Ligand code: AMP
């Protein structure tokens, strides 16, 4: 595909905020997408070159891009920088200066999506001597061939600053529309039908009250709707199994509906983990989950999905990052204490204090996730225990559709527990509030975050926050927010960033700011989280700076507590956190897993409810 075709799609997407319109535009794009290009196009649609879970990043700073624009346009870097300072948007600057140049020369060759993708991907691999010049060359090569509009989007992609934003829901629907166009036709027909009549037909029985012609239409329309919902469920299923929209497109085109539904989990292809809702207290937990329910400790660690086939063992975070190398102690524990031919299990890895029976907060062991050297020493200093709480695959077969109590029985068979090494999560099944409360207090006394409460008959639903399980924690729900900006400190702290602009995701995955966090970090200095640490990490991610404020590539996720959520015009989310306080880094989470605007809206409503 020509890059320009994709660029036109970007332009059209920026002009609408309506979800259905966005879906239609993306569906059009997918109709023209060849299967070989689908992986690149689904990533680039959201301005990405590497999948969200990948540790690779393009890693070019604004200065380097300015140099490349200068080479491609013949305009001096100083002039470009001045323009940039005025508008703060390097993409638009590139568009403007390339326009000037294009009046004189015609662009050399047509850019393809593949060419842009591969040049940008190469940027990430170049290092060592002469790296900067080579990177400038690669980018300049693209910009020289680019039309002004193309230049704008190449720069935004290189900076990882795409502002288009298409949510996963729209991408999924667009696949449905493009691969199964018959449905779109049906819905187009439905538009001609009287709206008020449509509203009345909420139950199938009501159809009998209609005259014959209308009846015929509504029966077929309801059936179509039902079929469409089934298709959407199948696409969700396929995405949860593969984690890649490009694969979903390929299957939908080649193997159609059946291929989507029969897709299953496989070892060494990480599965989206099941998520849990929050319950206010034990009583509320019973109301959501049902009685009796399984109560488990909610360990304060990080989630590890372990895949085993014979001798081969791999560990993935909930973000699909392969952390096998960082945890040879866990691999060893699995090798010695898990008996199966093949299996995928879900677990929480938690740190413990060797001198007491207490667990230690996640913050203390989180550094092990990113630690790539001196691993033996880290194991000694920060030992961990694996608490296995679910199984998704067992001896060659998926067991996600097996009821929870049966999955637990499988775990009892395959895990041979050893204290402080690998255990089954502590569990108690009860229908009595008093027993549950006792268990909850015991969990907290041992240094856990709270309890998980699970329905005994429930299946495992990858990727969804269904009410099959809930968590009960004592504090007001914390938020996991992305750092999108920072402020340099003053006086003695001028060399550090000391305050951080944080954001949550809206439905389209766009980050919307919600506050600034500075409090809480100093208090955790003893645990290795310092302003220096934040500064060192974020320094390389700066996109632009104005005075003491900088904007950074959103990459880092942190957990924050706060006293209250307020409505506020100051931030793009429309809300502000009152007295936000840093709790911990969430290295195990990516931008995609940070809290959503809908969650904030819910929490806002809940807290208002409490006050009344
Ligand atoms: P939260 O991160 O607050 O939404 O809580 C859900 C997380 O708790 C899961 O993603 C797991 O990482 C963690 N967790 C700890 N213990 C358990 C358990 N027994 N069952 C399920 N999840 C657990």
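In our numbering, the protein residues as written are 854 to 1465.
All C-beta atoms in this analysis are idealised placements derived from N, C-alpha and C, irrespective of residue type, glycine included.
Please read all numbers here as calculations on a predicted model, not as lab measurements.
Residue i to residue j span [Cα, whole Å]
i	j	result
residue 1388	residue 1369	15 angstroms
residue 1301	residue 1095	33 angstroms
residue 1185	residue 1255	28 angstroms
residue 1114	residue 1125	16 angstroms
residue 1267	residue 1296	25 angstroms
residue 1305	residue 974	42 angstroms
residue 867	residue 1133	40 angstroms
residue 856	residue 1007	10 angstroms
residue 1163	residue 1195	6 angstroms
residue 1088	residue 897	20 angstroms
residue 1438	residue 864	36 angstroms
residue 1315	residue 1348	44 angstroms
residue 1009	residue 1367	23 angstroms
residue 1165	residue 1177	11 angstroms
residue 1443	residue 1073	43 angstroms
residue 908	residue 978	12 angstroms
residue 1015	residue 1139	44 angstroms
residue 1263	residue 1244	8 angstroms
residue 1313	residue 1320	11 angstroms
residue 1001	residue 860	11 angstroms
residue 1452	residue 1172	20 angstroms
Sub-8 angstroms separation of residue i and residue j beta-carbons
i	j	result
residue 989	residue 924	yes
residue 934	residue 1004	no
residue 1205	residue 1273	yes
residue 1336	residue 1377	no
residue 1414	residue 1434	yes
residue 952	residue 893	no
residue 1190	residue 1269	yes
residue 1338	residue 1402	yes
residue 1373	residue 1018	no
residue 941	residue 1399	yes
residue 1197	residue 1101	no
residue 1396	residue 1012	yes
residue 1382	residue 1447	no
Any non-hydrogen atom of the ligand AMP within 7 angstroms of residue i CB
i	result
residue 1261	no
residue 1445	no
residue 1152	yes
residue 1281	no
residue 1031	no
residue 1079	no
residue 1129	yes
residue 1126	yes
residue 1317	no
residue 1242	yes
residue 1201	yes
Residue i burial status per 10 Å Cβ neighbour count (16 or more: buried)
i	result
residue 1307	buried
residue 1298	exposed
residue 1170	buried
residue 986	exposed
residue 1201	buried
residue 1241	buried
residue 976	buried
residue 931	exposed
residue 1441	buried
residue 1179	buried
residue 1226	exposed
residue 1450	buried
residue 1151	buried
residue 1076	exposed
residue 1259	exposed
residue 936	buried
residue 1116	buried
Near the ligand PLP: residue i beta-carbon under 7 angstroms from a heavy atom
i	result
residue 1156	The ligand PLP is absent from the structure shown, which contains only the ligand AMP.
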